[in-house]
Structures are given as C-alpha cells and as structure tokens.
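Q: Position 99 of the sequence shown, counted from 1, bears residue number 102 in this note's numbering, the numbering being contiguous throughout.
Before I ask anything, let me first share the structure, which is written out below as structure tokens.
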Amino acid sequence: MRLPSIASSVVRLRQSRRPIVSATFLAILLTMALGTPRTAISQDTVPMGSPMVLLHSETNRVLVDISVTNKGQPVRGIEKGRFHIFEDGKEQPVLSFEEQKLGITAPVAPHAALPPNVYNNAPQYPPATAVNVLLLDGLNTPVQDQMQVRKQMIAYLGKIAPGTPLALFTLSSRLRLVQGFTQDPAAIVKAVNNPQEAARPSPVMDTTMEEVSPSKEMIAAGALARVAEMMRQFEAENSSFKTDMRMTITLQALRELARYLGGIPGRKNLIWFSGSFPVSIIPDPNALMLPDPSSVMRVYEPQIRAATAMLASARVAMYPIDARGLLGLSILSAEKHRFSNEVGSNGQPEDLGAATGQFVSDIASNHETMRQVARETGGRAYINTNDFGESIAQALADGAHYYTVSYAPPSKLKDGTYHHIKVEIDGGSYSLSYRGGYFAEEAKKPAKAPENTLIMEAAQFGAPPATQVLFESRVLPADAPDIVAGPKLADGPAGSLAANLKPPVKRYVVDSLVNTRTLACDADPKGTRQCQLEVTLVGYAADGKRLNFADRGMTLKLSADIYKRRLETGIPIRTVIDLPSGKVFLRIAVRDVAGSHIGSTEIPLQIAGK
Numbered sequence: 004m005r006l007p008s009i010a011s012s013v014v015r016l017r018q019s020r021r022p023i024v025s026a027t028f029l030a031i032l033l034t035m036a037l038g039t040p041r042t043a044i045s046q047d048t049v050p051m052g053s054p055m056v057l058l059h060s061e062t063n064r065v066l067v068d069i070s071v072t073n074k075g076q077p078v079r080g081i082e083k084g085r086f087h088i089f090e091d092g093k094e095q096p097v098l099s100f101e102e103q104k105l106g107i108t109a110p111v112a113p114h115a116a117l118p119p120n121v122y123n124n125a126p127q128y129p130p131a132t133a134v135n136v137l138l139l140d141g142l143n144t145p146v147q148d149q150m151q152v153r154k155q156m157i158a159y160l161g162k163i164a165p166g167t168p169l170a171l172f173t174l175s176s177r178l179r180l181v182q183g184f185t186q187d188p189a190a191i192v193k194a195v196n197n198p199q200e201a202a203r204p205s206p207v208m209d210t211t212m213e214e215v216s217p218s219k220e221m222i223a224a225g226a227l228a229r230v231a232e233m234m235r236q237f238e239a240e241n242s243s244f245k246t247d248m249r250m251t252i253t254l255q256a257l258r259e260l261a262r263y264l265g266g267i268p269g270r271k272n273l274i275w276f277s278g279s280f281p282v283s284i285i286p287d288p289n290a291l292m293l294p295d296p297s298s299v300m301r302v303y304e305p306q307i308r309a310a311t312a313m314l315a316s317a318r319v320a321m322y323p324i325d326a327r328g329l330l331g332l333s334i335l336s337a338e339k340h341r342f343s344n345e346v347g348s349n350g351q352p353e354d355l356g357a358a359t360g361q362f363v364s365d366i367a368s369n370h371e372t373m374r375q376v377a378r379e380t381g382g383r384a385y386i387n388t389n390d391f392g393e394s395i396a397q398a399l400a401d402g403a404h405y406y407t408v409s410y411a412p413p414s415k416l417k418d419g420t421y422h423h424i425k426v427e428i429d430g431g432s433y434s435l436s437y438r439g440g441y442f443a444e445e446a447k448k449p450a451k452a453p454e455n456t457l458i459m460e461a462a463q464f465g466a467p468p469a470t471q472v473l474f475e476s477r478v479l480p481a482d483a484p485d486i487v488a489g490p491k492l493a494d495g496p497a498g499s500l501a502a503n504l505k506p507p508v509k510r511y512v513v514d515s516l517v518n519t520r521t522l523a524c525d526a527d528p529k530g531t532r533q534c535q536l537e538v539t540l541v542g543y544a545a546d547g548k549r550l551n552f553a554d555r556g557m558t559l560k561l562s563a564d565i566y567k568r569r570l571e572t573g574i575p576i577r578t579v580i581d582l583p584s585g586k587v588f589l590r591i592a593v594r595d596v597a598g599s600h601i602g603s604t605e606i607p608l609q610i611a612g613k
C-alpha cells in the first residue's frame, strides 16, 4: 500500500473546523518516533482549525465581562471612556472594549461528519453572545425542594421563546450532562421529565437526626451524661464528614463545568439551583463542649475561591438560586420536632432556642456562600424567592447583555497570588456584576489543582468532556490495515493493568492531533518554545469499573518558525492500550503540562472476542 505524501494530505480548514481526514493520521505516523516518550517533530501535518477564544498564561491580557443594570434592567449604550478598571486598587488602561448585545442567533449547527473511527472533543454551541447552563443540584438540595424546582422550571420553559441557548446538567454523586446546548426549550423539558433524571434524595445530606434513647442499664450505671456526650460527638463528626463529601463532589463538579465550558467563546451563564453549602462549619456553643470540638470545624473558603476563580477565567458567571425558596418561620416550626429529639449533656432535650439559632446561622452561612460565588464570577444570587421562573428569566436577561473590557495585567509575575478587580462607571448609579479577580498562575506549579487531580477528574468515567485543550483522535485496533502498514508497534503489554485482563485481549492504537493554539508553550529569550503534553487513556466497563490505563508524555522544543507552523498543523502523539472483549468505554485525556489545562472525551467501543 502506497502512503500519500505529506503535502498531499495537507487540507486547509475553514472556520467551521473541518475534521481531520484519515489519510492525515497515516502521514502523522511517518513523523512520530514511537520508540521514545519525548519526540521532536518538524514536518508539516494537517492544519488545525481556527483558534478558540482561550486565555492562557502566555496571553498578556485579562478579560472582564461586566453586566450593568439599573433597577433590574440592562443599561445599553455606555461609552468606553466612562469605564474605569482597577487591579489591586490601581487603575489600568483599557485595551479593548465591546458591548455584547443579545441578537438573533443561528441554530446549533452539528459539526461536519468525522471520518470513521475519528473522534474529537470540540464543543457544540450556538454562535450567541452568551449561552446558558441549567444545573439541578440534587447533592445539596432536599428532595421535596428538587421537585418544586423542576415543576416551576418546566412551567417557565413552556413560556420561553425558542432561540435561547440552553444546556442541562444534574449533580448527585457526580456531575452529568443531560442535554447539550439546544435552542428548543421542549428538549430541556423532555430531559427534565426523563424518569432517569427524577428527583432523588441526596446520597450524603443529613435528612433527620436520630433520637438518642439511652438504655436503663446505662442510666443505672450513671453513664447517661457520658453516653450523651459521646453521641453528640459522633453525630457532629458524622455531619461534618457528610459536609466534607458534599463539598468535595460539588467543587469537583464546578471544576468540570469550567473545563467543559472553557472551549466555548464568550460569556456562559450558569444558573445553579441548590440548597448551597457552608463556607465554614463553626459549631454552636454547646458543641464547643464536645471532647474534640476541633474535629468538626471546617473552613472551605480557599477551595471555593479557587474553584470560582477557575470558572471566572473560563468566563462563566454563576447565578445561584436557593432551591428551598422563601425561608420564613414555617421552616423553623418544621424543624422543631428534629431539635426536640436532641439530648443535651444533662440528659434533657436540647434547648429549642439555641438549636433554632444554630439553624438560622447555618442558613445565613449557606446564603453567604451563594453570594460569594456570584460575586467572584460576575453573576447574581437569588435568595428567599418562590418564583423560580422569574429568577431564571432575570438571570437570562442579566447575562444576555454585557460589556467586555480587557487590560494588560500590571505585573508579569506568575506567582500564584490572587489579584482583585474593581470596575467603576462615570455618570450614573448602576448595579455592576463582574468577576472579582484572578489567580496569576505559576506556569510550572499551577495554583488550582495538583496534576494528579486534574488527570483523575478529566479521566473519570462519564464526566462531561473537557474542552480547554482541543484534539482529534483516531482509534483503531492494532490489526487494522492502516496500523499494520505503518511503523511497527512496541512489543509487550500496553497499559498498567494489562496483566490483569482476562483474554481475549485486543490492542488499540490512539493517534491524536492536538490543537497547538490551545496549549501554553513557554518561550525562552531566543524564541524557542517548549510544549509539554501528556495523553492518558483509561478503559472502563459498562458499570464504570476501570479495566486498564496507559499514558504517554511528550516534550517538544520548537524554534519560532516551527512553532508558527505547529499553530496551523497541530501536534501528533500516539498512545497504545490493551482492552478486553465486550462493551468498553475508552476515555481520552490530553493534558497541557505547562498551562495546567486539559481536554477529554469518551468513546464507546464494541470489542470483538477474536
């Protein structure tokens, strides 16, 4: 079989990012040194598509989306000269300015059909000034409140005009993409009504407090006070553990949303229905009498700020809506029975006033968290309202019209510190919403998440695709003609768990082409760029059990001329993995080491037994 020449495989891609033809991968194989983990590549391959609007560490500019309202209505036509932007208290020159107006958007156009066995992680979205994401949070919301939210959401969506770009996620034990971006409200309603998406109790929320009923033997032994003390310590630690679980899952979901939405240009409005979660856990005065009060104290504010800064960098504005609705005296009355079952250290029922005070304090903490994530990302929080439809309408209107301002950060240092942003407008009394700041990430030591966490989250079974790093991958068995005709594969098992696989086992080859424009390649004084990539493959069974995993790293040192060509051609990398027969889901994750960004996708495979 005669392979096509490199020149004949070069296909100029238009703005629509046409797919890479399969012949390209044959040409790629000729340029890869498969026997070593670090490869220098200089030949041209197929060009990548148009660049996405992404901010990396090498881009010396900060984008700020600003929503301006007066009495709840968007303010239009404000001139550039009236805007003043400050970083850490010092005014910065405005480099660019644009008023983003909601207009008629084209429908979500599906990508051009990819060649057989070729997949990518490019997001599908409408060409709108802003897109909207609905997040139904069952992890942090009582089931009765989930049902009320869904009922009002369906009623509102029945009235919304077609053309509004919407996507739907749910959160329980993990984040799930239920409906991708659509401009048909009926599609969202259908997804909400799907029995598989029905409201369910949170897997880790406290719903009731068990009554403490010491036995007669305990009382006779004079151990009642000690037993009550032990039970209070146990219940406090159990509650803190469940809150830790909720916090861990929630923050991971927010990071996954940032990575999913990061490849979509423009503003993204995240409308989040939740009972929220506290910024900190500070025990009530009685809890301070526990044998170990420090074991139940938590402070989550740093983790929340890091996650919201990641969302803000992806231009995601959060609109939390308290799914519990209007919280009045009735909810306190409903808690009376729960509090009356709690036993104090003297063996008597807990004081209702103290318990109610702690409950009110917890609600205030939850609301402050919602306000904090809204402030940090440029959105708004909706609290103490039973009209969820109106809240959605206000969030959509608030996020549809905004101003985008950019400036050059005054400090060139990437030291991981947080820099505060402030915006002022001359000649008017307006309500402004914008991101609260950003982290100046270290290129070598990212501040947001350890590398292993980044890979683990992006490679998790069923997680939404990450779009910070864009790529296309051809996935073929090793005995496919195109693979057999190429360079010889290395001998031996492929993958860290290959020895544990039950035969028959089939080898798969994944040839990926990474969009260089979505990488942060460091430059030295001579203009030479260093690009570091890692590709991770994980095979999962249908039940989510991990079957095998493999990864491969690549470091490229490219001259200025070669780097310029790589911006058009992309960077190829090959990985190999052994998989068992049957239904297998192959997760592909591509990590940009320097920029601490990632892309991922998941591919279903039906692997033959022979």
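Yeah, the Cβ is synthetic: ideal placement off N, Cα and C, and Gly gets one too.
(1) Drop a sphere of 10 angstroms on the beta-carbon of Arg270, count the other beta-carbons inside from all chains shown, and report buried for 16 or more, exposed for fewer.
(2) Any heavy atom of the ligand NAP inside 6 Å of the beta-carbon of Phe552?
(3) Could you tell me if Glu101 is buried or exposed, where buried requires 16 or more neighbouring beta carbons within 10 angstroms of its beta carbon?
(4) Pick from Leu264, Lys567, Ala400: whose alpha carbon is nearest that of Ile601?
(5) How many Å lie between Arg549 and Phe172 at the Cα?
(6) Using a threshold of 7 Å, state whether the C-beta atoms of Val587 and Gly556 are closer than that.
(7) Tell me which residue opens and which closes the beta strand (DSSP E) that Thr185 is part of.
(8) Roughly how many angstroms lie between the CA atoms of Arg179 and Gly530, to the nearest whole one?
(9) Pull up the distance between the alpha-carbon of Ser70 and that of Pro528, whole angstroms please.
(10) Only counting runs of 3 or more residues, tell me where the beta strand (DSSP E) segments fall wholly within the segment 396–438, in order along the chain.
(11) Starting from the C-beta of Ser618, find all residues in its chain whose C-beta is less than 6 Å away, skip the five residues before and the five after it, and write them out in chain order.
(12) To the nearest angstrom, how far is the alpha carbon of Gly498 from that of Glu259?
(13) Measuring alpha carbon to alpha carbon, tell me which residue in Tyr159, Leu492, Gln375 is nearest Thr578.
(14) Met321 and Ala261 - do their beta-carbons sit closer together than 7 Å?
(15) What three-state label does DSSP hand Arg258 in the structure shown?
(16) Pick from Gln535, Asp148, Ala462: whose alpha carbon is nearest that of Val517?
(17) Taking the CB atoms as reference points, tell me whether Phe86 and Ile428 lie closer together than 7 Å.
(18) Could you round the C-beta distance between Tyr421 and Gly440 to whole angstroms and report it? I think they count as a contact, below 8 Å.
(19) Checking 7 Å against the spacing of the C-beta atoms, do Thr521 and Leu473 come in under that value?
(20) Specify, as a first and last residue, the run of the alpha helix (DSSP H) that Ser175 falls within.
(21) Compare the beta carbon distance of Pro77 and His404 with 7 Å and say whether it is the shorter of the two.
(22) Roughly how far, in whole angstroms, is the beta-carbon of Ala326 from the beta-carbon of Phe276, given that I think they are within contact range, below 8 Å?
(23) Let me see if you follow: with CB-CB separation under 7 Å, is Val152 close to chain B or not?
(24) Can you name the start and end residues of the beta strand (DSSP E) that Ile610 belongs to?
(25) For the alpha helix (DSSP H) that Lys154 lies in, which residues bound it at each end?
(26) Would you check if the distance between the CB atom of Ala202 and the CB atom of Val146 is smaller than 7 Å?
(27) Apart from the five residues on each side of it in sequence, which residues of its chain come closer than 8 Å, Cβ to Cβ, to Gln306?
(28) Could you check which residue in Ile395, Asp525, Pro490 has the C-alpha nearest to that of Leu138?
(29) Which one of Thr519, Thr539, Pro480, Gln149 has the shortest CA to CA distance from Glu460?
(30) For Gly392, which residues of its own chain have a beta-carbon under 7 Å away from its beta-carbon, when the five flanking residues on both sides are left out?
(31) Tell me whether Val487 is buried or exposed, calling it buried when 16 or more other Cβ atoms sit within 10 Å of its Cβ.
(32) How many Å lie between Glu304 and Leu582 at the Cα?
(33) Between Gly465 and Glu200, what straight-line distance do the alpha-carbon atoms span, to the nearest angstrom?
(34) Would you say Lys162 and Val207 are within 7 Å of each other, going by their C-beta atoms?
(35) The alpha helix (DSSP H) that contains Tyr566, what's its start and end?
(36) When you compare each of Gly547, Ala483, Gly431 to Gly80 by their alpha carbons, which one comes out closest?
A: In terms of the structure at hand:
(1) That one is buried.
(2) The model on display carries no ligand, and the ligand NAP is accordingly not part of it.
(3) So Glu101 counts as exposed.
(4) The option with the nearest alpha carbon to Ile601 is Leu264.
(5) Each residue's Cα considered, the two are about 24 Å apart.
(6) Contact: no.
(7) It spans 178–185 - the beta strand (DSSP E) in which Thr185 sits, taken as one unbroken run.
(8) Going by the C-alpha atoms only, they are around 42 Å apart.
(9) Each residue's Cα considered, the two are about 40 Å apart.
(10) Listed in chain order, they are 405–410, 421–428, 434–436.
(11) A question about residue 618 goes unanswered here, because the residues of the chain that appear run from 4 up to 613.
(12) If you take the alpha carbons of Gly498 and Glu259, they lie about 26 Å apart.
(13) Put simply, of Tyr159, Leu492, Gln375 the residue whose alpha carbon is nearest the alpha carbon of Thr578 is Leu492.
(14) When the beta-carbon positions are compared, Ala261 and Met321 stay at least 7 Å from each other.
(15) Three-state DSSP puts Arg258 in a helix.
(16) Comparing Cα positions, the closest option is Gln535.
(17) Their beta carbons are under 7 Å apart, which means Phe86 touches Ile428 by this criterion.
(18) Indeed they touch by this definition, with Cβ atoms about 6 Å apart.
(19) Yes, the Cβ-Cβ distance between Thr521 and Leu473 is below 7 Å.
(20) DSSP places Ser175 in no alpha helix (DSSP H); its state is neither H nor E.
(21) Against a cut-off of 7 Å, the Cβ pair of His404 and Pro77 comes out as a contact.
(22) That pair is a contact at about 5 Å.
(23) Judged by its chain identifiers, the structure shown contains no chain B, having just a single protein chain.
(24) For Ile610, the enclosing beta strand (DSSP E) covers residues 600–610.
(25) For Lys154, the uninterrupted alpha helix (DSSP H) segment begins and ends at 146–160.
(26) In this structure, Val146 lies closer than 7 Å to Ala202 by Cβ.
(27) Met250, Leu254, listed in sequence order.
(28) That would be Ile395, whose Cα lies nearest to the Cα of Leu138.
(29) Nearest option by C-alpha distance: Thr539.
(30) Closer than 7 Å at the Cβ level, and outside the excluded window around Gly392, lie Gln155, Ala158, Tyr159.
(31) The Cβ neighbour count for Val487, taken over all protein chains shown within 10 Å, is under 16; the residue is labelled exposed.
(32) In this structure, the alpha-carbon of Glu304 lies about 42 Å from that of Leu582.
(33) Cα-Cα distance, rounded: 15 Å.
(34) Going by C-beta atoms, Lys162 is not nearer than 7 Å to Val207.
(35) Under the DSSP assignment, Tyr566 falls in the alpha helix (DSSP H) whose first and last residues are 563–572.
(36) Measuring from the Cα of Gly80, the nearest candidate turns out to be Gly431.
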